[in-house]
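2 protein chains.
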Amino acid sequence: MAHTQTWSTAPAEALRAADGFRLAQVDPRSTPGYHGDKKSAEADLAATTARLGELQERLFAESTASPGTGSVLLVLQAMDTAGKGGIVRHVVGSVDPQGVELAAFKKPTPDELAHDFLWRIRRRLPAAGRIGVFDRSHYEDVLIGRVRALAPPEEIERRYGAILGFEREAADRGIRIVKVMLHISKDEQKARLAERLDRPDKHWKFAPGDLDERALWDEYMTAYEVAIQRTSTADAPWFVVPADRKWYARLAVAQLLVDALAGLDPQWPPADYDVAAERARLAAS
Amino acid sequence: MAHTQTWSTAPAEALRAADGFRLAQVDPRSTPGYHGDKKSAEADLAATTARLGELQERLFAESTASPGTGSVLLVLQAMDTAGKGGIVRHVVGSVDPQGVELAAFKKPTPDELAHDFLWRIRRRLPAAGRIGVFDRSHYEDVLIGRVRALAPPEEIERRYGAILGFEREAADRGIRIVKVMLHISKDEQKARLAERLDRPDKHWKFAPGDLDERALWDEYMTAYEVAIQRTSTADAPWFVVPADRKWYARLAVAQLLVDALAGLDPQWPPADYDVAAERARLAAS
Numbered sequence: 149m150a151h152t153q154t155w156s157t158a159p160a161e162a163l164r165a166a167d168g169f170r171l172a173q174v175d176p177r178s179t180p181g182y183h184g185d186k187k188s189a190e191a192d193l194a195a196t197t198a199r200l201g202e203l204q205e206r207l208f209a210e211s212t213a214s215p216g217t218g219s220v221l222l223v224l225q226a227m228d229t230a231g232k233g234g235i236v237r238h239v240v241g242s243v244d245p246q247g248v249e250l251a252a253f254k255k256p257t258p259d260e261l262a263h264d265f266l267w268r269i270r271r272r273l274p275a276a277g278r279i280g281v282f283d284r285s286h287y288e289d290v291l292i293g294r295v296r297a298l299a300p301p302e303e304i305e306r307r308y309g310a311i312l313g314f315e316r317e318a319a320d321r322g323i324r325i326v327k328v329m330l331h332i333s334k335d336e337q338k339a340r341l342a343e344r345l346d347r348p349d350k351h352w353k354f355a356p357g358d359l360d361e362r363a364l365w366d367e368y369m370t371a372y373e374v375a376i377q378r379t380s381t382a383d384a385p386w387f388v389v390p391a392d393r394k395w396y397a398r399l400a401v402a403q404l405l406v407d408a409l410a411g412l413d414p415q416w417p418p419a420d421y422d423v424a425a426e427r428a429r430l431a432a433s
Numbered sequence: 149m150a151h152t153q154t155w156s157t158a159p160a161e162a163l164r165a166a167d168g169f170r171l172a173q174v175d176p177r178s179t180p181g182y183h184g185d186k187k188s189a190e191a192d193l194a195a196t197t198a199r200l201g202e203l204q205e206r207l208f209a210e211s212t213a214s215p216g217t218g219s220v221l222l223v224l225q226a227m228d229t230a231g232k233g234g235i236v237r238h239v240v241g242s243v244d245p246q247g248v249e250l251a252a253f254k255k256p257t258p259d260e261l262a263h264d265f266l267w268r269i270r271r272r273l274p275a276a277g278r279i280g281v282f283d284r285s286h287y288e289d290v291l292i293g294r295v296r297a298l299a300p301p302e303e304i305e306r307r308y309g310a311i312l313g314f315e316r317e318a319a320d321r322g323i324r325i326v327k328v329m330l331h332i333s334k335d336e337q338k339a340r341l342a343e344r345l346d347r348p349d350k351h352w353k354f355a356p357g358d359l360d361e362r363a364l365w366d367e368y369m370t371a372y373e374v375a376i377q378r379t380s381t382a383d384a385p386w387f388v389v390p391a392d393r394k395w396y397a398r399l400a401v402a403q404l405l406v407d408a409l410a411g412l413d414p415q416w417p418p419a420d421y422d423v424a425a426e427r428a429r430l431a432a433s
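Line by line, the protein sequences give chains A and B.
The number in the working numbering is simply the position in the first sequence, starting from 1, with 148 added.
The number in the working numbering is simply the position in the second sequence, starting from 1, with 148 added.
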């Protein structure tokens with residue numbers, strides 16, 4: 149498992165939701181497996197994203213020659229203000245945009261609601277050689293779907309099974325799925341929401357509905373715990389990333405992505421032309 | 149016109165293809181309007197992309213409140229190896245991926261060929277508040293289209309007019325169009341293609357067809373010159389960016405984007421809720 153020196157335990161191990169997972173056992177202010185601080189994390193993030201960029205280019209290159217090349221799918225789920233946007237900007241944004249497919253799933257449209265909940269998700273699975281990123285995902289349908297009773301209990305129940313089948317199928321087709329819950333504390337959310345209300349350049353990031361969701365904090369925590377317990381599999385594990393410290397969350401997710409890409413072991417494709425002959429043609433041109 | 153201190157003439161002015169434009173008058177090794185060097189360009193690029201990121205966030209924010217918010221479309225055209233990929237990675241890649249819509253246009257599919265050449269292009273115009281980037285574009289249809297006679301002369305002729313109408317319509321809908329030709333010399337292309345042949349990790353970027361296109365260099369230069377002469381308008385100007393020095397091309401394109409976004413004068417949207425009331429609700433939560 150590739151990790152920098154500052155990790156004593158790789159995040160893929162330290163953060164993975166295993167059997168019997170309990171959300172209450174994860175402290176949102178902790179930094180599992182990492183013994184550096186904010187300052188060292190900055191240097192480690194730079195090194196980790198550089199490595200991510202190299203792997204991404206190699207994977208992309210391989211896919212130009214081999215349509216069967218794998219891909220990586222990062223699923224991001226979190227309560228408001230937990231830092232999904234920061235992960236997209238500072239981790240995903242560190243690699244070549246040509247190799248990234250970003251899908252932000254909002255409240256479903258009437259057209260989307262007329263289909264099964266996985267319909268809009270399947271269409272955004274990453275192509276070979278790409279890093280796909282889901283900013284929210286099919287998990288909304290068992291999170292807000294459950295908390296707000298947007299579907300009957302038996303439909304919510306059905307969805308856990310449907311998700312397992314869907315993710316297994318995607319994994320079988322070569323997609324490495326990395327599911328991340330950014331886990332912040334209710335207090336930290338309060339501070340971050342207060343900042344949005346205090347700064348006019350952040351007002352657009354706040355909506356009164358955010359406080360309605362916050363009022364259901366405990367229900368959401370239960371919904372997350374159940375979803376994670378029921379859908380963390382070998383093919384598509386959940387990683388619960390403490391997110392009160394943004395620098396930790398970004399570094400941990402970057403490392404999870406590096407591990408996923410490294411696991412695909414991408415290779416530069418060999419030339420499918422005669423290099424010497426082309427060199428001679430070029431010299432004469 | 150916003151520009152950093154090192155620019156004596158803003159690139160929007162120095163690089164714009166005006167009436168009577170002649171490609172031969174642009175030296176691919178020159179650095180019009182810029183009196184710094186590779187080293188100063190590095191610092192200037194960091195400052196320029198930081199400014200670009202700020203403007204992008206503000207534009208994106210405005211669009212969340214006002215569906216009529218404008219957008220920017222960067223059209224990138226160039227001969228092979230001129231550095232489109234580097235612009236995407238180092239300039240476009242510097243801003244938040246959530247605000248970018250990147251479209252790479254390859255050889256048209258049979259489905260695309262069954263429609264007018266602008267069909268696939270229209271579908272990828274950027275949404276309000278976004279920076280759209282076309283890596284190749286509808287101009288291929290009057291570049292390779294002309295050089296390789298992929299369509300009859302009267303159809304090529306028709307396309308210049310169709311492009312003018314299309315771009316005017318997009319501009320009327322609030323899209324600021326910035327068309328960039330990265331202009332490299334034939335010698336520089338030779339050196340860059342040689343590097344691709346010399347390095348196994350670059351072999352995938354080379355295809356023998358690249359040399360077939362290179363053999364038609366003069367025909368391509370004529371096709372570019374004609375396309376630029378006929379379609380550089382107030383609404384959608386062409387900028388011919390000398391590209392033998394990558395650091396110059398990246399800095400110039402970053403500044404062109406900054407100017408385009410600044411021209412939209414994006415504003416943080418005011419809160420559409422009672423800030424004091426929400427603060428009180430938050431405090432009580």
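Glycine is no exception: its CB is placed at the ideal position from the N, C-alpha and C atoms.
A quick note: this is a predicted structure, and the numbers were derived from the prediction, not measured.
- Annotation: Ala-194 (chain B) to Thr-196 (chain A) spans about 20 Å, alpha carbon to alpha carbon.
- Neighbours of Gly-231 (chain B) in chain A, taken as residues whose beta carbon is under 7 Å from its own, are absent, since the nearest beta carbon is some 13 Å off.
- Boundaries for Ser-242 (chain A): no beta strand (DSSP E) harbours it, and the DSSP string shows neither H nor E there.
- Close partners of Ser-433 (chain B) in chain A (Cβ separation under 8 Å): Lys-338, Leu-359, Arg-362 and Ala-363.
- Any Cβ of chain B closer than 8 Å to the Cβ of Leu-430 (chain A) would place that residue at the interface, and such an atom is present.
- One thing to note: Ile-325 (chain B) has its Cβ no nearer than 8 Å to the Cβ of Ala-391 (chain B).
- Listed by position along chain A, the residues whose Cβ is nearer than 9 Å to that of Tyr-421 (chain B) are His-351, Phe-354, Ala-355 and Pro-356.
- Think of a sphere of 8 Å around the beta carbon of Glu-426 (chain A): the chain B residues whose beta carbon falls inside it are Leu-345, Phe-354, Pro-356 and Leu-359, in chain order.
- For Leu-250 (chain A), same chain residues with a beta-carbon under 6 Å away, outside a window of 5 residues either side, are Val-281 in chain order.
- Per DSSP, the unbroken beta strand (DSSP E) holding Gly-280 (chain B) starts and ends at 279-283.
- Where Met-227 (chain A) is concerned, there is no enclosing alpha helix (DSSP H), because DSSP gives it neither an H nor an E.
- The beta carbons of Gly-231 (chain B) and Ala-400 (chain B) sit about 11 Å from each other, so the pair does not count as a contact at 8 Å.
- Look at Ile-325 (chain B) here: in three-state DSSP terms it is strand.
- If you draw a straight line from the Cα of Gly-216 (chain B) to the Cα of Ala-276 (chain B), it comes to about 7 Å.
- Judged by their CB atoms, Gly-181 (chain B) and Ala-162 (chain B) are nearer to each other than the 8 Å cut-off.
- For Pro-417 (chain B), the nearest CB of chain A lies under 8 Å from its own CB, placing it at the interface with that chain.
- Gly-218 (chain A) is positioned such that its CB atom lies closer than 8 Å to that of Gly-322 (chain A).
- Ranked by how close their Cα comes to the Cα of Tyr-421 (chain A), the residues A:Tyr-287, A:Arg-271, A:Ala-213 and A:Asp-185 have A:Ala-213 in first place.
- Excluding residues up to 5 positions away in sequence, Gln-204, Glu-205, Leu-207, Phe-208, Gly-277, Arg-278 and Ile-279 lie with their Cβ nearer than 8 Å to the Cβ of Gly-247 (chain A) in the same chain.
- In this structure the stretch 286-299 of chain A touches the stretch 372-387 of chain A; the number of beta carbon pairs closer than 8 Å is three or more.
- Separation of Met-369 (chain B) and Pro-385 (chain A) (C-alpha to C-alpha, rounded to the nearest whole angstrom) is 53 Å.
- Here Glu-210 (chain A) has Thr-217, Gly-277, Pro-414, Gln-415, Trp-416 and Pro-417 as same chain residues with Cβ atoms under 8 Å from its own Cβ, once five neighbours each way along the sequence are excluded.
- Not one beta carbon of chain B lies nearer than 8 Å to the beta carbon of Gln-204 (chain A).
- Of all residues in the stretch 237-271 of chain B, only Arg-237, Val-240, Gly-241, Ser-242, Val-243, Asp-244, Pro-245, Gln-246, Val-248, Leu-250 and Ala-252 place a beta-carbon less than 9 Å from a beta-carbon of chain A.
- Residues of the stretch 209-226 of chain A with a Cβ closer than 7 Å to any Cβ of chain B, in chain order: Ala-209, Thr-212 and Ala-213.
- Below the 9 Å Cβ cutoff, chain B contributes Glu-426, Leu-430 and Ser-433 as neighbours of Leu-341 (chain A), in chain order.
- Assignment of alpha helix (DSSP H) within the stretch 302-386 of chain B, counting only whole runs of 4 or more residues, yields 334-346, 356-362 and 365-379 in chain order.
- For Pro-176 (chain A), no Cβ of chain B is located within less than 8 Å of the residue's own Cβ.
- The bridge partners DSSP lists for Leu-250 (chain A) are A:Val-281.
- Looking only at A:Glu-426, A:Leu-298 and A:Arg-362, the smallest Cα-Cα distance to Gly-357 (chain B) is reached by A:Glu-426.
- Here DSSP, grouped into helix, strand and coil, assigns Tyr-182 (chain A) to strand.
- Sequence-distant Cβ neighbours of Ala-371 (chain A) in its own chain, meaning closer than 6 Å and more than five residues away, are Leu-291, Arg-294 and Val-295.
- Inside the stretch 173-218 of chain B, DSSP marks whole alpha helix (DSSP H) runs of 4 or more residues at positions 186-213, from first to last along the chain.
- In the three-state DSSP reduction, Arg-170 (chain A) falls in the coil class, being neither helix nor strand.
- Counting other Cβ atoms within 10 Å of its Cβ, Ser-156 (chain B) stays below 16 and is therefore classed as exposed.
- Around the beta carbon of Gly-309 (chain A), fewer than 16 other beta carbons lie within 10 angstroms, which makes this residue exposed.
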